[in-house]
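Beneath this line is the structure, given in structure tokens, with notes to follow.
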Amino acid sequence: MATMERGEMPSYRQGLRSSLRSYDIQRKDPRNNTFDCCRCNVQCGKNKIAVHIPKSTTRETKESIINSKIPIRRFFALLALAESTTLPPKMLQDLGRRTNASMERYDQAERTILNSKTHLSRGSPSWYLGASHEMTKGAQNLSRKALRIETMSVMLVEALNMSSKEASSILPSVAAFGCSDPPNLLKIMSECKKIDPRYRTHTGRCNNVLHPTWGAALEAYIRLLPPEYQDGVSLPRTDLPSAREVSSNVHSGGQDLKHPYLMALTALFAQFLAHDLAHTPRMELPDGTRLKCCDVDYENFHPECFPIRADNAIGCMEYSRSAPHPGNSLQACKLGPRQQINQASSYLDLSPLYGSSEETSKALRSGKGGLLNTQRRNLPMPSPESETCRSVNKAFPCFLSGDSRVNEHPGLTLMHVIFLREHNRVAEQLAKLNPQWDDEKLYQEARRIVIAEMQHITYNEFLPVILGETTLDKFDLRLSHEGYFRGYDSRTDATLSNSAASAGLFFVAALTPKTLDLVDSRSALKSGERSLLSAFYAPQELYEAGAIDRLIAGATAGHSRKPLPPGLNEILLERYFHDGKSTDVAVDYAAQIIQQGRDHGLPSYVKWRTFCGLPDVTSFQDLKGTIAKDIIERLRLVYKKVEDIDLVTGILSEAPVTNSVLGPTFLCLLGRTFRNVRLGDRYWYENANTPGSFMIKQLEEIRKSTMAQVLCNNGDHLKLMQPRAFILRDPFLNHMTNCTEHVNIGPNLMLWKEKEDAF
């Protein structure tokens, strides 16, 4: 704490603010970092004091405090905070009392809303969007703690009149009042020692031995750049054009063309992959009711509402804020800017199939032979949650999987079905090879193999066609062809970044076509198509005989959308989650993503350009070379300043880099993400010298995995498939081949036969 040599420190009983100001701060003794300053109301007088600023305080924070004319009370308080100490007891108690009162008002507001039955209409487009962002119980508990910490942070910022920079640099070192102690690192490490070290946990915990919460589900996304909130804590910036205005004027009206060589399977796999890495919940009422933020009375307007302003015809579009996280689990009682929850683990671990919690995984297992539960036609089990299912026939319910978004559209459901069948296929073969293995070992070994297949397919087949050769080399994403990978780094945090989760992974939207072709797998003739408009949360067609094969054939014969900057397909922009019957406003997906970026406090596009090593931008003209001239004009008409461009709008506007489908900032965010996913995963399939490592001969078999082989193995009666399933068929380079050939060159599971003990 700063000490006084002469005079008196103002009493905290004077209140949280003081009219006294400090001026003429001069260095007194450079050796011990002591400064003289005058305390006065109008002019400097008698009371000169000496203040000590510890050497541990960052230079930027010191200068911020010393060079500003600030209330004397705030001067001492900021110095105290800069020393990473707690606030003086009386101020802390006052903040605690006010925080308690504020949280009681919050609770009362929720009770009022619940009693008034103000909520989204069941079956409305925004209600279905909420289903894709529903909160788990764990996320609800975390968000409650986070709101308390956020409230105290805001009050302290207001009390000390902190700037945004001061808030972001000082608050994270301050302990919150009335918060339960975070988990002890040694306790978590002790719990990690109890698990079987050969297998990753479903939550992602214990992957990193020294940092067991890195990459785990229900942790906060990490920040690559500090968040930018209007108040430095949680308030989104309001001096920006409406997200709907940006969507309508920048992202709409473009052509909807087929990609020349990427198949629709690429878009489906991309979404499945994105769901593996990120699941951001949105705020709900305590009983799980989804918030209504438009056309409500003042007393029924929830504090976590952040609706999107729209034109006169619409007026308002629903948006409830992403659930806040109290911070890293090991520092969960520190003040600071709002962070957001990831309900999925950040590792590439097939969490959409297996779940991101032990409870979810147990509910999906049959308990016999290491198998996952299935129903008729080898499909996932029916979901007990019927509210979000648009199936009109109860005999064809929606499906249950490790991720609640499984039923968003049939193409995504197809990915779940394929990998579920692959798990059970592998488990059954392992059981034949090793009849002595129990259910647990069969499940874990099958899971380990299928996750390895998924990782190999992602980096060997998928990322090359999305990122291009240059980006693969820049971020060291090329796979080893022999031997083990020696790049695991326990210092690499694999936790997904907020920028990747809230913008980078939405390259999926640019690839998504309006319709998915249905193709007869035997004749290779198109038999129909399925529109996104009618397909959401209505997967009942997968119960039909031959449906899986028709979808697979359509996904590998039909094309992805060509990502023409800066547009998305018309359904995503104007009619998403709308069945054509509802009178409610449809979801504008682009506006939702833009609003989410602001909700999360993502810095503007130009700052991410700088972060990624692109030339600095100070005017719209500086965007030339990265963004086409006509798109720059669209941006200029919507945004007042180039510094205001939202991250997702900027990256969707960039021209693709040669031999890639994305622009340079997009590639930067994704390249960093997939580099860390590989380097920071102790259970990565290529790694050596861990209990979970494959033997070298087994690893050689895993490297034979292809998407074509997985599809052929798990269709119903699939006969033909091109070897490179993500790209266009070619009579010379990628010709249709009998499925038996793909299956025969796939991994030979005989290498997993356990040798019997010799007698």
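In the UniProt record's numbering, the protein residues as written are 1 to 759.
Don't be surprised by glycine CBs; every beta carbon is placed ideally from N, CA and C.
Query, Result
"Start and end residues, alpha helix (DSSP H) containing R672", "P664 to L679"
"Integer-rounded CB distance, given that G215 should sit under 8 Å from T495", "5 Å"
"Check whether C316 and D297 have beta carbons under 9 Å apart", "no"
"N- and C-terminal bounds of the alpha helix (DSSP H) containing P352", "S351 to Y354"
"Backbone CA spacing between A310 and L647 [nearest angstrom]", "20 Å"
"Delimiting residues of the beta strand (DSSP E) encompassing D517", "T515 to V519"
"From I631, L218 and S502, residue whose alpha carbon lies closest to that of R598", "S502"
"Residues that T374 bridges to, as DSSP identifies them", "P380"
"Pair within 9 Å by beta-carbon distance, I466 and V661", "yes"
"Nearest-angstrom Cα separation, counted from L92 out to P54", "Because P54 carries a pLDDT of 40, less than 50, the predicted location of this residue cannot be relied on, and the following value inherits that uncertainty. One C-alpha to the other measures close to 22 Å."
"Same chain only: Cβ atoms within 6 Å of G650, ignoring 5 sequence neighbours per side", "Y605"
"Buried or exposed (CB count within 10 angstroms, at least 16 for buried), H481", "exposed"
"N-terminal and C-terminal residue of the beta strand (DSSP E) that I341 is part of", "Q339 to N342"
"E428: first and last residue of the uninterrupted alpha helix (DSSP H) it sits in", "P410 to L433"
"For K368 and R682, the rounded distance between their alpha carbons", "29 Å"
"Segments of 3+ residues assigned as beta strand (DSSP E) that fall wholly inside the region 246-324", "258-263"
"Those residues which DSSP pairs with N734 across a bridge", "D730"
"With 16 other Cβ atoms within 10 Å as the buried cut-off, status of L573", "buried"
"Whole-angstrom distance between G411 and P380, CA atom to CA atom", "14 Å"
"Every unbroken beta strand (DSSP E) within the region 529-594, with a cutoff of 3 residues, ordered by chain", "559-561"
"Those residues which DSSP pairs with F399 across a bridge", "P382"
"When P435, G715 and N407 are compared against S391, the one with the closest alpha-carbon", "N407"
"Assigned exposure category for P664 - 16 Cβ within 10 Å defines buried", "buried"
"Opposing strand residues paired with A175 [DSSP bridges]", "K334"
"Member of T280, N393, T413 and I457 whose CA lies at the smallest distance from the CA of A220", "T280"
"Given Y354 as reference, the closest of Y319, L614, S168 and R421 once Cα atoms are compared", "R421"
"Whether K704 touches N748 by CB criterion (9 Å)", "yes"
"Host alpha helix (DSSP H) of G138 (start-end)", "K137 to L160"
"E219 - DSSP class collapsed to helix/strand/coil", "strand"
"With 16 other Cβ atoms within 10 Å as the buried cut-off, status of L511", "buried"
"Cβ-Cβ separation, A446 to L430 (assumed contact under 8 Å), whole Å", "6 Å"
"Alpha-carbon to alpha-carbon, Q540 and P397", "7 Å"
"Separation of A628 from S619, as counted between CA atoms", "15 Å"
"A538 beta carbon less than 9 Å from that of C389", "yes"
"Boundaries of the alpha helix (DSSP H) in which I631 is found, first to last residue", "K629 to V638"
"Segment limits, alpha helix (DSSP H) that includes F620", "Counting along the chain, F620 falls outside any alpha helix (DSSP H), and DSSP gives it neither H nor E."
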